[in-house]
Amino acid sequence: MRRMVSLVALCLTLGLVTTSVAKHPQAEHKSRVSEQDLSNEQHTIDGEHNPKYDQDALFGKAADDFRGLPGSAKESRLKSLFTQMDTNSDGFLSTDELHQWLKGNAMEQWSEYGLKPSDMLTWEFYQQKVTEPDGEYEDKDEESRQKFLERDKRRWDLADANHDGVLSFTESAAFFNAESHPEMQDVVVQETIEEMDHDLDGYISQKEYIDDLWVPSNPSEEEPDWIKDERKHFDDERDKDHDGKLDKEEVKAWIFPPGDDHVESEVSHLLNSCDKDGDGKLSEQELIGCHETLIGSAVTNYGELLAEHDEL
């Protein structure tokens, strides 16, 4: 599954972001806490915007490469990224398009599958891809493969907003990056419970919670202090009704903790900095004219893709 993205300097990052999306929905154990910041850097320092935050969010490891490009090359790359971000091809980047890119898109899968953003992804084609040689589930036994596909189908049906049985490029972003889409939170909660609920009672006990975090190397190994802290955290904060287990609402509060909406903050920052005519969207020229801000703006672990996609 390819995981969440941030935005790319809103532009820069975006285009690339397309190749580092999220991992397959069920192929690997994922971090239980879904809401992550876009950078390890503080967004502001002493009340001033920290460009390093934007650089991490936007370009990741490729930030230095982009900064080293001559002006004409930066402009060319921004134009290419703008085109990829402008999914409805109306010549502007709307807040929805900015949010989608920051949350993560499906370009990597689309590219792997030989599809264009204008194509539709069918369930049959998806099944074929994940079960064929070198596919995500190719090395799974039949029982595990069916289990993963059943979960994927449930996620697929929820992501299929217009219920036509196929996923558009935009809909597939919710499928591949469900953790970043509010409308998909319930299915992510259900998947988390199913992965951790070994006694199949529909809840996550403290033991199941701890077992998901730490496995002793031998029966006599002493529990580390951080696990003891997690036990206390489970009792004092996770298990809100103190019945010794987590229900769906408690699991949701755990993996989707309340707090700052980092994507929303970054979108607001980009619009405030770059939307010169105040129409609530970005034109190509506004994006290019704001490239200095973008170098420090926005989103993702996909930045390294910039270096791999010079053709953009």
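Note that this note's numbering numbers the sequence shown so that position 255 is 245, with each residue one more than the last. We put the beta carbon where it would ideally sit given N, CA and C, even for glycine. Since the model is a prediction, treat every value here as computed from it, not as a measurement.
Endpoints, the alpha helix (DSSP H) within which residue i is located
| i | result |
| --- | --- |
| K69 | G61 to M75 |
| S258 | H252 to C264 |
| H232 | It is not in any alpha helix (DSSP H) - H232 carries neither H nor E in the DSSP assignment. |
| H223 | D215 to H223 |
| M186 | Q175 to M186 |
| S101 | M97 to E102 |
| L148 | E132 to A149 |
| L190 | From DSSP, L190 is part of no alpha helix (DSSP H); its letter is neither H nor E. |
Bridge partner(s) assigned by DSSP for residue i
| i | result |
| --- | --- |
| V156 | T112 |
| L272 | L83 |
| A207 | Rather than Ala, the amino acid found at residue 207 in this sequence is Ser. DSSP, once it has assigned bridges, lists no residue as partnering S207. |
| S195 | K235 |
Whole-number beta carbon distance between residue j and residue i, since they are thought to touch under 8 Å
| i | j | result |
| --- | --- | --- |
| M75 | E87 | 6 Å |
| A168 | V178 | 5 Å |
| G81 | E274 | 7 Å |
| K222 | H171 | With 8 Å as the limit, K222 and H171 do not qualify as a contact, their Cβ atoms being about 32 Å apart. |
| I200 | E220 | 7 Å |
| F166 | W146 | With a Cβ gap of about 10 Å, F166 and W146 do not count as contacting. |
| T85 | V253 | About 11 Å separates the two Cβ atoms, so there is no contact after all. |
| M110 | L71 | Their Cβ separation, rounded to whole angstroms, is 24 Å, which puts M110 and L71 out of contact at 8 Å. |
Buried or exposed (CB count within 10 angstroms, at least 16 for buried), residue i
| i | result |
| --- | --- |
| L190 | exposed |
| D124 | exposed |
| L277 | buried |
| K142 | It should be noted that the sequence gives Asp, not Lys, for residue 142. Buried: at least 16 other Cβ atoms inside 10 Å. |
| K271 | buried |
| D129 | exposed |
| W100 | buried |
| A163 | buried |
| E181 | buried |
| W216 | exposed |
| A96 | buried |
| W244 | buried |
| D229 | buried |
| L2 | Unreliable placement is indicated for L2, whose pLDDT of 34 sits below 50; the coordinate value is still reported in the next sentence. Buried, by the Cβ-count rule. |
| L83 | buried |
Contact set for residue i: own chain, Cβ-Cβ below 7 Å, skip 5 residues either direction
| i | result |
| --- | --- |
| I194 | I183, M186, D187, K235, L236 and V241 |
| T160 | T77 and Q90 |
| R144 | V177 |
| T112 | V156 |
| L148 | M174 and V177 |
| D150 | L157 and E161 |
| T73 | none |
Close beta carbons around residue i, own chain, < 6 Å, minus the five adjacent residues each side
| i | result |
| --- | --- |
| Q175 | F246 |
| Q196 | F224 |
| S255 | none |
| F115 | none |
| K238 | V179 |
| G192 | none |
| K266 | E276 |
Cβ-heavy atom distance, residue i to the ligand COA, below 7 Å
| i | result |
| --- | --- |
| G155 | What this structure holds is no ligand at all, so the ligand COA is not there to describe. |
Sequence-distant residues of its chain with Cβ nearer than 8 Å to residue i (five each side left out)
| i | result |
| --- | --- |
| R135 | T121 and Y127 |
| D131 | none |
| E212 | none |
| E102 | K119 |
| P206 | E213 |
| K69 | E274 and I278 |
| L203 | I217 and E220 |
| K106 | W100 |
| Q117 | L139 |
| H232 | D225 |
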